[in-house]
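Written below as structure tokens is the structure these notes are about.
In this note's numbering, the protein residues as written are 186 to 266.
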């Protein structure tokens, strides 16, 4: 996975600006993964391991979304201070 096992704890020490930059980076990554998934699944001739790819992409997309949600909550909390 592209996330490289990032632990959400590391975000706690980031500044609001760093959090916002990370949100943008993750949203770009999410878009890239979704586009890649669509390209892979639209390709004809992919019959083997389709279930593996479905699970792989869904897991990766969900992990990115969880990180975006977590970072967004941190950024919102800091902005309210």
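For glycine and all other residues, C-beta sits at the position ideal for the given N, C-alpha and C.
Contacting residues, own chain, Cβ-Cβ under 8 Å from residue i (five flanking each side not counted)
i, result
"residue 253", "208, 211, 212, 215"
"residue 250", "215"
Nearest to residue i (by Cα), restricted to the options the options
i, options, result
"residue 238", "259, 218, 204", "218"
"residue 236", "262, 201, 222", "222"
"residue 246", "220, 201, 206", "220"
Residues of its chain near residue i, where Cβ-Cβ distance is below 6 Å and the 5 sequence neighbours each way are ignored
i, result
"residue 204", "256, 259, 260"
"residue 263", "201"
Check your understanding: Any chance the stretch 195-203 sits against the stretch 239-251, with 3 or more Cβ pairs inside 8 Å?
Key -> The stretch 195-203, when compared against the stretch 239-251, does not touch it at the 8 Å Cβ threshold.
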